[in-house]
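Colleague: Going down the list, the protein sequences come from chains A and B.
In terms of this note's numbering, the first sequence opens at residue 1 and continues consecutively.
In terms of this note's numbering, the second sequence opens at residue 149 and continues consecutively.
We treat Cβ as the ideally placed atom computed from N, Cα and C, and that holds for glycine.
Starting off with a structure, shown below.
2 protein chains.
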Amino acid sequence: MTEQTQKTEKQIFAEFLARKNLRETSQRDLILDEFLRREQHISAEELYDEVKQRDRTIGQATVYRVLKLLCEAGLAREVNFGDGTMRYEHEFGHEHHDHLTCTACGKTIEVVDPAIETLQKALAEKYGFCLSNHEMYLYGTCAECQGR
Amino acid sequence: MTEQTQKTEKQIFAEFLARKNLRETSQRDLILDEFLRREQHISAEELYDEVKQRDRTIGQATVYRVLKLLCEAGLAREVNFGDGTMRYEHEFGHEHHDHLTCTACGKTIEVVDPAIETLQKALAEKYGFCLSNHEMYLYGTCAECQGR
DNA sequence: AAAGCAATTGAAATTCATTATCACTATCAC
DNA sequence: GTGATAGTGATAATGAATTTCAATTGCTTT
Chain A
1 MTEQTQKTEK QIFAEFLARK NLRETSQRDL ILDEFLRREQ HISAEELYDE VKQRDRTIGQ
61 ATVYRVLKLL CEAGLAREVN FGDGTMRYEH EFGHEHHDHL TCTACGKTIE VVDPAIETLQ
121 KALAEKYGFC LSNHEMYLYG TCAECQGR
Chain B
149 MTEQTQKTEK QIFAEFLARK NLRETSQRDL ILDEFLRREQ HISAEELYDE VKQRDRTIGQ
209 ATVYRVLKLL CEAGLAREVN FGDGTMRYEH EFGHEHHDHL TCTACGKTIE VVDPAIETLQ
269 KALAEKYGFC LSNHEMYLYG TCAECQGR
């Protein structure tokens with residue numbers, strides 16, 4: 001199943017590159033592959049460290065460049081937790097979701113509430129806006145950390 | 149009324165400084181005063197430019213420092229629109245609110261929906277979290293920009 | 001008033017994430 | 001092959017924010 005998903009994501013990337021008249025290079029393949037292995041939100045720097053272990057010669061500028069391509073291709077999504085570092089998560093095969101973060105331990109879980117989504121759209125329309133997307137970050141204390 | 153509000157905010161700041169054994173300086177007063185004049189979200193850099201017109205000798209580090217103090221004092225709030233620059237808005241006398249931004253013209257309006265707030269709290273509790281705060285950014289196209 | 005002392009400041013240096021530059025290399029169409 | 005073009009890594013550059021530090025300011029105690 002993971003194999004299947006990866007294959008599909010790689011196909012999407014290949015098609016994206018072809019459509020844009022860009023080339024499929026070993027670096028791009030490697031970075032995508034490593035990105036797909038991580039299920040967590042990852043920063044460009046962290047991904048660079050991982051990728052470097054497989055190819056010592058890769059440059060971090062390339063990692064930044066490929067992450068931008070992955071976002072364009074609809075495979076990655078930027079997530080901003082406000083700590084000054086942009087993080088990236090899988091977009092393909094993942095429903096839209098928001099984030100619930102524990103301010104004590106840093107644990108983050110993905111959440112969705114269709115009712116909230118509906119209300120957001122209605123709220124925007126109330127002001128004449130046509131809502132295209134949104135970000136919602138919930139911060140609190142998780143069950144474990146409340147115990148302490 | 150503005151006078152009244154300003155006086156109160158200045159009092160709050162003075163009390164905050166006293167409580168922390170910090171000093172009320174001309175620079176701090178000036179920066180707070182200039183911050184209060186702006187009703188819009190403002191970046192440290194923009195505020196620095198404004199303040200500089202009234203006191204050429206002020207340093208930008210001081211502006212950053214005072215903005216941080218204002219946040220601690222509950223007078224300012226950080227807002228992150230994800231463009232790499234932190235902005236600040238008035239906190240005191242302003243209800244909690246979220247932001248609805250037009251991606252075409254950049255216009256931002258403040259919105260609140262009590263129903264959404266309630267659902268957010270319920271959503272967090274569903275996962276065992278005790279919600280302390282949240283950020284919600286809605287992006288879309290405003291009425292005027294839809295016309296074009 | 002003088003002295004002591006901690007808080008404050010501005011300028012400059014520094015950090016950190018990200019982007020741009022540039023010389024060189026790899027790849028594609030012909 | 002031969003050019004044109006895309007891609008690369010190293011490095012420099014950027015921009016926001018923070019830290020450093022010597023000098024100054026403002027209180028407190030004499």
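1) Taking Cβ-Cβ distances shorter than 9 Å, what residues in chain B pair up with A/Glu135?
2) Flag B/Leu215 as yes if its beta-carbon sits less than 9 Å from any beta-carbon of chain A, otherwise no.
3) So A/Tyr48 and A/Gln40 are in contact, right, with Cβ under 8 Å, and what is the actual spacing, rounded?
4) Taking only beta-carbon atoms, is B/Thr141 less than 9 Å away from chain A?
5) Identify the contact partners of A/Ile109 in chain B, using a Cβ-Cβ distance below 8 Å as the criterion.
6) State whether the segment 122-130 of chain A contacts the segment 282-294 of chain B, with contact taken as three or more CB pairs (one from each stretch) at a distance under 8 Å.
7) Restricting to Cα atoms, I'd like to know which of B/Ile257, B/Leu248, B/Glu273, B/Ala272 is closest to A/Gln120.
8) What did DSSP end up calling A/Arg19 once you bin it into helix, strand or coil?
9) Since A/Arg54 and A/Glu34 should fall inside the 8 Å C-beta cutoff, what is the C-beta to C-beta distance between them, to a whole number of angstroms?
10) Tell me the rounded alpha-carbon separation between B/Cys219 and B/Glu239.
11) Are A/Val137 and B/Glu283 touching if we call contact CB-CB under 9 Å?
12) Comparing alpha-carbon positions, which option in A/Ile116, A/Lys10, A/Ala122, A/Gly84 lies nearest B/Leu271?
13) Using a Cβ cut-off of 8 Å, pull out every chain B residue sitting near A/Ile116, in sequence order please.
14) Kindly indicate the opening and closing residues of the alpha helix (DSSP H) around A/Val63.
15) Please identify the residue among B/Gln294, B/Gly222, B/Val211 whose C-alpha is closest to the C-alpha of B/Ala252.
16) Rounded to whole angstroms, what is the Cα-Cα separation between B/Val260 and A/His94?
17) Report the neighbours of B/Leu279 on chain A: residues whose CB is nearer than 8 Å to its CB, in chain order.
Modeller: To lay it out plainly:
1) One finds Gly230, Glu283, Met284, Tyr285, Leu286, Tyr287 in chain B with Cβ atoms closer than 9 Å to the Cβ of A/Glu135, taken in chain order.
2) It does not; no Cβ of chain A falls within 9 Å.
3) Actually they are not in contact, since the Cβ atoms of A/Tyr48 and A/Gln40 sit about 15 Å apart, beyond 8 Å.
4) Outside the displayed span of chain B (149 to 296) sits residue 141 of chain B, for which this structure offers no information.
5) What A/Ile109 touches in chain B: Tyr275.
6) Verdict: yes, contact present.
7) Put simply, of B/Ile257, B/Leu248, B/Glu273, B/Ala272 the residue whose alpha carbon is nearest the alpha carbon of A/Gln120 is B/Leu248.
8) Reduced to three states, the DSSP call for A/Arg19 is helix.
9) With 8 Å as the limit, A/Arg54 and A/Glu34 qualify as a contact, their Cβ atoms being about 7 Å apart.
10) The straight-line gap separating the alpha-carbon atoms of B/Cys219 and B/Glu239 is approximately 8 Å.
11) For the record, residue 137 of chain A in the displayed sequence is Tyr; it is not Val. For A/Tyr137 and B/Glu283, yes; Cβs fall inside 9 Å.
12) Closest by C-alpha distance to B/Leu271, out of A/Ile116, A/Lys10, A/Ala122, A/Gly84, is A/Ile116.
13) Think of a sphere of 8 Å around the beta carbon of A/Ile116: the chain B residues whose beta carbon falls inside it are Ile264, Leu267, Gln268, Leu271, in chain order.
14) Segment 60-72, the alpha helix (DSSP H) holding A/Val63.
15) Taking the Cα of B/Ala252 as reference, the smallest distance to any Cα among B/Gln294, B/Gly222, B/Val211 is reached at B/Gln294.
16) Here the alpha carbon of B/Val260 sits roughly 28 Å from the alpha carbon of A/His94.
17) Those within 8 Å of B/Leu279 in chain A are Leu138, Tyr139, Gly140.
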